[in-house]
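First up is the structure itself, then whatever we jot down about it.
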Amino acid sequence: MIPYGRQDINQDDIDAVLGVLASDFLTQGPQVVAFEQAIASQTKADHAIAVNSATSALHIAVAALGLGPGDLLWTTPITFVASANCGRYCGADVDFVDIDPETFNMCPAKLERKLKDAALAGRLPKIILPVHMCGQSPNMAQISALANTYGVRVVEDASHAIGASYNGAPVGCCEYSDITIFSFHPVKIITTAEGGVATTNNPNLAEKMRQLRNHGITRDPELMTGPSEGPWYYQQLTLGWNYRMTDLQAALGISQLQRLSEFVARRNALAARYDCLLSGLRVLPPGRMAGARSSCHLYVIRLQDDFIPHHRTIFEELRDNNIGVNLHYIPVHLQPYYRGLGFAPGDFPNSEDYYRRAISIPLYPGLTEVEQDRIVEVLSYALGLGNACLNF
Ligand SMILES: *Cc1c(COP(=O)(O)O)cnc(C)c1O
Numbered sequence: 066m067i068p069y070g071r072q073d074i075n076q077d078d079i080d081a082v083l084g085v086l087a088s089d090f091l092t093q094g095p096q097v098v099a100f101e102q103a104i105a106s107q108t109k110a111d112h113a114i115a116v117n118s119a120t121s122a123l124h125i126a127v128a129a130l131g132l133g134p135g136d137l138l139w140t141t142p143i144t145f146v147a148s149a150n151c152g153r154y155c156g157a158d159v160d161f162v163d164i165d166p167e168t169f170n171m172c173p174a175k176l177e178r179k180l181k182d183a184a185l186a187g188r189l190p191k192i193i194l195p196v197h198m199c200g201q202s203p204n205m206a207q208i209s210a211l212a213n214t215y216g217v218r219v220v221e222d223a224s225h226a227i228g229a230s231y232n233g234a235p236v237g238c239c240e241y242s243d244i245t246i247f248s249f250h251p252v253k254i255i256t257t258a259e260g261g262v263a264t265t266n267n268p269n270l271a272e273k274m275r276q277l278r279n280h281g282i283t284r285d286p287e288l289m290t291g292p293s294e295g296p297w298y299y300q301q302l303t304l305g306w307n308y309r310m311t312d313l314q315a316a317l318g319i320s321q322l323q324r325l326s327e328f329v330a331r332r333n334a335l336a337a338r339y340d341c342l343l344s345g346l347r348v349l350p351p352g353r354m355a356g357a358r359s360s361c362h363l364y365v366i367r368l369q370d371d372f373i374p375h376h377r378t379i380f381e382e383l384r385d386n387n388i389g390v391n392l393h394y395i396p397v398h399l400q401p402y403y404r405g406l407g408f409a410p411g412d413f414p415n416s417e418d419y420y421r422r423a424i425s426i427p428l429y430p431g432l433t434e435v436e437q438d439r440i441v442e443v444l445s446y447a448l449g450l451g452n453a454c455l456n457f
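So, in structure tokens, the structure goes:
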């Protein structure tokens, strides 16, 4: 099976992890600090806080912004469930803004309308959380301008997008947001096995997130409620969690970061090749936004209208031919948990339409041109089956 995504681990990566295993610190050591510095330097953000997953990064990000019961967080339905769940962890209500059908990202026009209505109803969100779907930045200039107008905070879920850029600056620089988060799960652009990071330019948010990832504990005498009681002393100031990244993971991350630009360039080259190869087939390529350079985490094709009834057949045909296609994502509001909170089919039509047509085809640095040709050949055959079905 050609998977839809996979990690690229070389001998340097392996040596980096082995080096830590033989060292004094498996966790809470120098590698985590060095990884955070490397991420801050890559993203040009002032602060980076490494954690054990992007889900944890989302949780400490929205918690640091003070999200709580009675508050509202808005994200988009076309994302992994974690983007919405972080709001629920804090006891907040979650709602969604529909996507732009071309870029699959939060639609600024829909956001503007929804903010206008929410302001009238006195129910503005505390946080909006746009997602860099497939590695391409949302229109952050517009989203951030709207957020500023209505006094709403912004967290970017850039799980897909380390190494991407927007308006000439690296994603994660937080020019248009309070906090940006990234994932280092093995299918993402670089990996630490499990892992994530939050970046910010706000020193208070950075300090809060550092505390929240470690039980709400500080060892900084300046932050304590009274004088230190001795060299052993620490204080728990708030309720946090153990979301720490290990030094094994951080060392892998530092090593992987050295090949980030190589990975992103290879992904972009393969995506451009797909654009070419697929131009003769009756599928819609992913839409691009001017000013954004994607990390090309995912390559999502959409079926044209007459193929929609054959979505599943085409998907299964690809899988049967060992092409590990996937579907990113099932609209979050249609998950049983979110339906239980009152969401229903029809709530976000662009997202639901996307779901009826989307297929993620394999894209990762180690994918070969020969494999890519075979994927397109099988897809072409599967679409032919779709055609044949239509004719009978
Ligand atoms: C992968 C992903 C996450 C969660 O990442 P983990 O590191 O697995 O917790 C969150 N949001 C999006 C959009 C993702 O793709």
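Every position in the sequence shown, counted from 1, becomes a number in our numbering once 65 is added.
A virtual CB, placed ideally from N, CA and C, is assigned to each residue, including glycine.
Since we're looking at a predicted model, the values are computed, not measured.
**Study point:** Straight-line gap, L302 to A337 (C-alpha atoms, nearest Å)
**Key:** 50 Å
Practice item. Let me know the secondary structure DSSP gives N201 once reduced to three states. Key: Inspection of the sequence shows that residue 201 is occupied by Gln rather than by Asn. Q201 falls in the coil class under three-state DSSP.
Point to revise | As assigned by DSSP and simplified to three states, the class of Q102 | key: helix
Check your understanding: DSSP on E327, reduced to helix/strand/coil?
Key -> helix
Check your understanding: How is D136 classed by DSSP in three states: helix, strand or coil?
Key -> coil
Point to revise | H250 Cβ short of 8 Å to ligand 1 heavy atom set | key: yes
**Study point:** For R358, the residue or residues it bridges with in DSSP
**Key:** S230
Check your understanding: Would A453 be called buried (16 or more neighbouring beta carbons within 10 Å of its own) or exposed?
Key -> Residue placement at A453 cannot be trusted, given a pLDDT of 48 that sits under 50; the coordinates are not used to answer.
Point to revise | Nearest neighbour of R309, chosen from T120, E434, S88 [CA to CA] | key: T120
**Study point:** N391 versus H376: straight-line alpha-carbon distance, rounded
**Key:** 12 Å
**Study point:** Check whether L194 and L123 have beta carbons under 9 Å apart
**Key:** yes
Check your understanding: Are the segment 124–142 and the segment 180–191 touching, with three or more C-beta to C-beta distances below 8 Å?
Key -> yes
**Study point:** N- and C-terminal bounds of the beta strand (DSSP E) containing T245
**Key:** 244–248
Point to revise | 9 Å Cβ cutoff met for F413 and P396 | key: yes
Review point. Near Q102, which residues of its chain fall below 8 Å by C-beta distance, leaving aside the five closest residues on each side in sequence?
Key: A113
Exercise for review: Compute every distance between the C-beta of A263 and the non-hydrogen atoms of ligand 1, then say whether any falls below 8 Å.
Suggested key: no
Check your understanding: In whole angstroms, what separates the C-alpha of T378 from that of A447?
Key -> 8 Å
Exercise for review: Could you have a look at R347 and say whether DSSP puts it in helix, strand or coil?
Suggested key: coil
Check your understanding: Is A147 near ligand 1, judged by its Cβ being under 8 Å from some heavy atom?
Key -> yes
**Study point:** Bridge partners - Y364, DSSP secondary structure assignment
**Key:** I426
Check your understanding: Can you tell which of G407, V196, T283 has its C-alpha closest to the C-alpha of I227?
Key -> V196
Review point. Can you list, in chain order, the residues of its chain whose CB lies under 6 Å from that of A263, leaving out five sequence neighbours each side?
Key: I114, A122, A126, I244, I246, M274
Check your understanding: Under the rule that 16 or more other beta-carbon atoms within 10 Å means buried, what is N456, buried or exposed?
Key -> Note that N456 scores a pLDDT of 43, beneath 50, so its modelled location is shaky; the value from the coordinates is reported in the next line. Exposed, since its Cβ has fewer than 16 Cβ neighbours within 10 Å.
Check your understanding: Roughly how many whole angstroms lie between the Cα atoms of G345 and R421?
Key -> 22 Å
Point to revise | For I67 and I440, believed in contact at Cβ under 8 Å, the rounded distance | key: 7 Å
Practice item. Measuring only between beta-carbons, confirm whether F169 sits less than 9 Å from chain B. Key: Given the protein chain composition of this structure (a single chain), no chain B is represented.
Exercise for review: Would you kindly check if the distance between the Cβ of T108 and the Cβ of M354 is under 9 Å?
Suggested key: no
Point to revise | Candidates V97, Q93, P142, of which the one nearest Y488 by Cα | key: It is not possible to answer for residue 488, since the shown part of the chain is limited to 66 through 457.
Review point. According to the neighbour-count rule (16 or more other Cβ atoms, all chains shown, within 10 Å of its Cβ), is A174 buried or exposed?
Key: exposed
Review point. Do I388 and R324 have their C-beta atoms closer together than 9 Å?
Key: no
Practice item. Tell me whether I254 sits in a helix, a strand or coil according to DSSP, three-state version. Key: coil
**Study point:** C-beta contact flag for I164 and S416 at 9 Å
**Key:** yes
**Study point:** Whole-Å CB distance - A229 paired with S326, under 8 Å assumed
**Key:** That belief does not hold up - the Cβ atoms of A229 and S326 are roughly 11 Å apart, past 8 Å.
Review point. By Cβ distance, which residues of its chain are closer than 8 Å to L130, with the 5 residues on each side in sequence left out?
Key: K191, I192, R218, V220, D243, I244, L270
Check your understanding: Could you check where the beta strand (DSSP E) with G389 kicks off and where it finishes?
Key -> No beta strand (DSSP E) contains G389, which DSSP labels as neither H nor E.
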